[in-house]
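> A single structure is presented below for examination.
In my numbering, the protein residues as written are 4 to 279.
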């Protein structure tokens with residue numbers, strides 16, 4: 004009787020978020036040894052591998068085909084192949100594809116092993132000067148303005164630091180909504196183009212940051228991580244909840260009436276909700 008093959012391993016490999024020198028030696032070795040590399044964008048990953056002189060078969064695995072491809076990839080792993088999973092930049096599954104494959108592999112008893120490295124969210128937290136002992140990673144906010152504001156309203160009273168990813172074409176609108184719904188005085192930081200040539204990290208109150216980005220086209224280019232301090236446990240939380248309730252009520256009532264009711268409901272100061 005022929006013995007069943009020993010299953011291979013799915014390696015989840017972090018790649019640089021900008022500076023190629025940040026790739027880990029073990030990541031390079033894993034990519035060299037893998038039977039194939041599952042890549043979010045094979046063109047992008049081919050350039051990365053070529054930079055380090057690595058030639059491996061590439062398999063496209065992205066949000067549009069991951070569910071359809073997962074079973075075939077798990078079968079390949081079960082047959083003894085070892086696969087490396089990478090995203091375009093940073094750690095896979097962190098606002099990137101890979102969850103469906105990782106879950107399917109684990110359910111099939113396949114070993115899934117991380118090869119740690121860069122992560123834009125953690126890199127931004129490390130330099131933001133915002134409390135990082137407890138944080139909530141929110142990834143990308145919804146693209147549609149109404150849904151984005153609903154999400155921010157729901158997060159207004161969150162006491163943990165909030166971490167968002169954002170794109171160049173939505174950063175201005177997202178910051179304006181954050182200032183309006185989380186509060187213009189809330190401490191925040193914007194990390195742009197981390198590890199790249201034009202890296203900048205701006206910090207200050209959300210209102211000031213929103214104004215800076217709105218008036219400086221250079222600060223609307225590239226890839227962004229926005230780190231926002233959480234609402235305090237006491238007065239800050241009450242104010243954040245008041246703003247959330249005010250935003251809901253103001254869609255149906257005059258601003259002054261909405262502010263008065265929101266203040267009565269939450270105990271937040273009316274002046275902090277509606278300028279007077």
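Idealized CB from N, CA, C, for every residue including glycine.
With a floor of 3 residues, list each beta strand (DSSP E) that falls wholly inside the region 140–205, ordered by position along the chain.
164–169 and 190–195, all fully within the region 140–205.
> Quick check: does the Cβ of residue 222 come within less than 8 Å of any heavy atom belonging to the ligand FAD?
The ligand FAD is not part of this structure, which contains no ligands at all.
> Would you call residue 138 buried or exposed, if buried means 16 or more other Cβ atoms sit within 10 Å of its Cβ?
That one is buried.
> Please determine if the region 262–271 and the region 239–253 are in contact, where contact requires at least 3 C-beta pairs separated by less than 8 Å.
With a cut-off of 8 Å, the region 239–253 and the region 262–271 count as touching, because enough Cβ pairs lie within range.
> Between which two residues does the beta strand (DSSP E) holding residue 227 run?
From DSSP, the beta strand (DSSP E) with residue 227 extends over 227–231.
> Considering only residues of the same chain and omitting the five flanking positions on each side of residue 154, which have a CB-CB separation below 7 Å?
Cβ neighbours of residue 154 beyond the five flanking positions: 144 and 145.
> In or out: residue 167 buried (at least 16 other Cβ within 10 Å) or exposed?
By the 10 Å Cβ count, residue 167 comes out buried.
> Which residues in the same chain as residue 22 place their Cβ atom closer than 8 Å to its Cβ, once the five residues preceding and following it in sequence are excluded?
So the qualifying residues of the chain are 198 and 199.
> With three or more beta-carbon pairs closer than 8 Å as the criterion, would you say the region 22–38 touches the region 106–121?
Touching, yes.
> How long is the line joining the alpha carbons of residue 187 and residue 220, rounded to whole angstroms?
Their Cα atoms are separated by approximately 21 Å.
> Three Cβ pairs or more, each shorter than 8 Å: is that satisfied between the region 46–65 and the region 125–142?
As far as the Cβ criterion goes, the region 46–65 does not touch the region 125–142, which means the pair count is below three.
> Between residue 174 and the rest of its own chain, which residues show a CB-CB distance below 7 Å, the 5 nearest in sequence each way excluded?
216, 223 and 227, listed in sequence order.
> Would residue 39 pass as a contact of residue 87 if the rule is Cβ separation under 9 Å?
A contact, by the Cβ cut-off of 9 Å.
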